[in-house]
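Heads up: the sequence shown begins at 1 in full-length UniProt numbering, then just goes up one per residue.
Working notes for the structure below.
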Amino acid sequence: MGKTHRPRQPQPGQPSLSFKTPTLVSTSALKSDPILGYKIRVLLHDLRNLAKDGAAEQRTLSTTDELYISDPYFAPEEVVCVKSAIVDTVPVDSSDHEENCLPVDVNQLRVEEAIHASLANFFDKRRASGDLRPCGPHDMAPIFEAVFGISKEEILDEKFLSRLRRQGLWQVAASNLEESRRPGKATKEKARQQGRRGNG
């Protein structure tokens, strides 16, 4: 008799989003994801606190992408997921949440397209000077906040700041990798049973 395979449930501590699925994810789903949502908030925190926080400055200077969506914040498969996510969080009525509104309508665009559309004039001016990288706090933070629907208050939340001080960004990636390598309780039990059968 052939074995039937059950779909694997995500391990605790692993992102709930699957990066291998061909379907696109929304920015509200990324915001809600326990791992990617945290990483996006760390990036926002760093963009807002470059002048005050040496670790934030170091992390942003370590990025290799003009939009800051790269290592050390995101693994390569996460970069693809974040950049291709469909924007569904930007308020249409700018009188409601003025701080989280963009000068152009970016709903239903991919994150990368939404950021470029929001910075179109800026990129044209920078391209002429030869420097394509936007200024972090002034240009990028408000756009990221609007695209992902994350308020300044969320970045100032004491629970978030406490976790950032405790874990930073590297520890999140390391603990996820360690957790994914650790066999679950069911796997340990199955190995124990197979060991008994082999000895019996």
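C-beta atoms are modelled at their ideal positions from N, C-alpha and C, and glycine is treated no differently.
Separation of K83 and D124 (C-alpha to C-alpha, rounded to the nearest whole angstrom) is 21 Å.
Between I115 and I150, the CB-CB gap reaches or exceeds 7 Å.
Between the region 155-164 and the region 41-54, the count of C-beta pairs closer than 8 Å reaches three or more; the two stretches touch. For the pair G168 and E66, the Cα-to-Cα distance works out to about 22 Å. Separation of the CB atoms of V106 and V79 is rounded to 19 Å, and the pair is thereby denied contact status at 8 Å. In this structure, A141 lies away from V111, with their beta-carbon atoms at least 7 Å apart. Of the candidates D139, K39, P72, the residue whose Cα lies closest to the Cα of S118 is D139. When only Cα atoms are considered, L36 and S70 end up about 12 Å apart. A residue is called buried when at least 16 other Cβ atoms come within 10 angstroms of its Cβ; R165 does not meet this threshold and is exposed. Straight-line spacing of the CA atoms in L24 and C81 works out to 8 Å.
Under the DSSP assignment, K52 falls outside any alpha helix (DSSP H); it carries neither an H nor an E label. Rounded to the nearest angstrom, the Cβ distance from I40 to L30 is 6 Å, consistent with a contact under 8 Å.
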